[in-house]
Amino acid sequence: MKKGLKPQAILISLAPVLKIDKISALLDGFNRIVRMIPNAPSIIHQGYNPVVFGSEIEETKKTWLLNLFKYWGESPEVAEEKLEAYAIITAMGPTYFWPQWIKLQQLGTQFGLDEAELKTALSAMLTGAVNTLYYSGLPAEAVMDLIPVYPMKDDEQKIRKLFDNSLTALYQKLTGAAK
1 MKKGLKPQAI LISLAPVLKI DKISALLDGF NRIVRMIPNA PSIIHQGYNP
51 VVFGSEIEET KKTWLLNLFK YWGESPEVAE EKLEAYAIIT AMGPTYFWPQ
101 WIKLQQLGTQ FGLDEAELKT ALSAMLTGAV NTLYYSGLPA EAVMDLIPVY
151 PMKDDEQKIR KLFDNSLTAL YQKLTGAAK
């Protein structure tokens, strides 16, 4: 690849782990590099795709790229040392919830709701739940107490432990951090 890179080219890496300086070293000092961590909702223009620009990317090119990236959703400029955390939280994040939402949809069908009703209800519930947690001004514990019947309460600790074990181990693997 390095032989095909023209000096004015910009390389965009979508991979976690390889830092800009490492990519540059692999490319014999080529340093017009951008790193982005895309996520799946980008397919419908609602992604959250953190981006880091190498020091050799001029402001005009940065502005041009950010405008180009708007097609996929939001692309906040972040510190490079945070990209692996974003990979786990935002890029892989949908995979932690989609199986649960799909199961809720299946159960809703079993319980007599049709597909249109389920799409509307689940979408509104999920948006409202996220907004309640983050924008109601209530502490997380108070938000959890808004619903008197909590059918999965006994399994909550298992779910939290699953997140802790799986995601902490993955973060340590991506960053090379020791336990």
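Numbering-wise, my numbering puts 50 at position 50 of the sequence shown, and it's gapless, one number per residue. Each residue gets a CB set at the ideal place from its N, CA and C atoms; glycine is no exception.
In the DSSP annotation of this structure, I20 is not part of any beta strand (DSSP E); the continuous alpha helix (DSSP H) holding it starts and ends at 20-26. Within the same chain, E80 come within 7 angstroms of K19 by CB-CB distance, once the 5 residues on both sides are set aside. Per the coordinates, the alpha-carbon of M152 lies some 15 angstroms from the alpha-carbon of L146.
Cβ contact annotation for I10 (same chain, cutoff 8 angstroms, sequence separation greater than five): R32, I33, V34, I57, K61, L65, in chain order. In the three-state reduction of the DSSP assignment, G137 falls in the coil class. According to DSSP, residue pairing for Y48 in a beta bridge involves E74.
A Cβ-Cβ contact shorter than 9 angstroms links P76 with P50. Boundaries for L113: no alpha helix (DSSP H) harbours it, and the DSSP string shows neither H nor E there.
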